[in-house]
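Chains as they are written, first to last, in the numbering used here: chain A, 46 to 154; chain B, 98 to 213.
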């Protein structure tokens, strides 16, 4: 089975940095994805890590440590529009995605 | 990026009726399509994996006779919720996987089903 844990909620101030952690225990591993989801909408792709290390893409960065079963998503220079749910998802050996429960990030002015 | 469409975006139906949801990959051929269900304030739960030309693989606890999946071509998969009941009311999202190196799944916009 799959077990993916991430915090339920986080709050930060506009312009600040927030780090969302994700730990996982899965039967297979073909990479870890981060998605952003606004209420009532489908998830949108943010990042993908399959090798250890940091992937940077503009204001968003994602880190992976396979030996520790750990990833984080780093959001820099927070904007109000970044208020959303952030989903950690692990791809198993059959390329199926198992999602964490999601972290709701609230950005305050 | 690749585009996946879903139709309808919203549907309201009476209990006992069947509802069909279409998922299309618009600009790529999807070797595999996935169907998810999401209840309010919960994460996405995979219902089934659909491969073109073969039977869908259902996750544990998902009734295959209630949620019929047809993947007739490399660009179209359909999910039919048969004899829908109020507890089937949910947000249904499909995703499609092509041959991208990162195994990325591209998500459709979702279908909000409300069963009265």
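Just so you know, even glycine gets a beta-carbon here, dropped at the ideal spot from N, CA and C.
Between the alpha carbons of residue 133 of chain B and residue 110 of chain A lies a distance of about 27 Å.
Shortest Cα-Cα distance from residue 147 of chain A to any of A:101, A:126, A:97, A:80 involves A:80. Here DSSP, grouped into helix, strand and coil, assigns residue 119 of chain B to strand. Annotation for residue 94 of chain A: the continuous beta strand (DSSP E) segment containing it runs 89 to 94.
Between residue 86 of chain A and residue 100 of chain A, the alpha-carbon positions lie close to 25 Å from each other.
Taking the C-beta atoms as reference points, residue 170 of chain B is found nearer than 8 Å to residue 149 of chain B.
Short of 7 Å from the beta carbon of residue 70 of chain A, and not among the five residues preceding or following it, lie these beta carbons of its own chain, in chain order: 48, 114. In the displayed model, residue 184 of chain B falls within a helix according to three-state DSSP.
Taking a Cβ-Cβ cut-off of 7 Å, the neighbours of residue 204 of chain B in chain A comprise 87, 88, given in sequence order.
Nearest C-alpha to residue 123 of chain B among B:135, B:194, B:200: B:194. Taking 8 Å as the CB threshold, residue 194 of chain B lines the interface with chain A. Look at residue 117 of chain A: its C-beta is not under 8 Å from any C-beta on chain B. Of all alpha-carbon atoms in B:113, B:112, B:110, B:121, the one lying nearest the alpha-carbon of residue 207 of chain B is that of B:121.
Below the 8 Å Cβ cutoff, chain A contributes 78, 90, 93 as neighbours of residue 201 of chain B, in chain order. Three or more Cβ pairs closer than 8 Å define a contact, and the region 103 to 119 of chain B falls short of that threshold against the region 152 to 159 of chain B. Closest option to residue 147 of chain B, judged by alpha-carbon separation, among B:129, B:191, B:141: B:129. Pairing residue 54 of chain A with residue 154 of chain A gives a Cβ-Cβ distance that is not under 8 Å.
Fully contained in the region 142 to 210 of chain B is no alpha helix (DSSP H) run of length 4 or more. By the C-beta density criterion, residue 120 of chain A is buried, having at least 16 other C-beta atoms within 10 angstroms. With at least 16 other beta carbons inside 10 angstroms of its own, residue 176 of chain B counts as buried.
Residue range 63 to 70 is occupied by the beta strand (DSSP E) that includes residue 64 of chain A.
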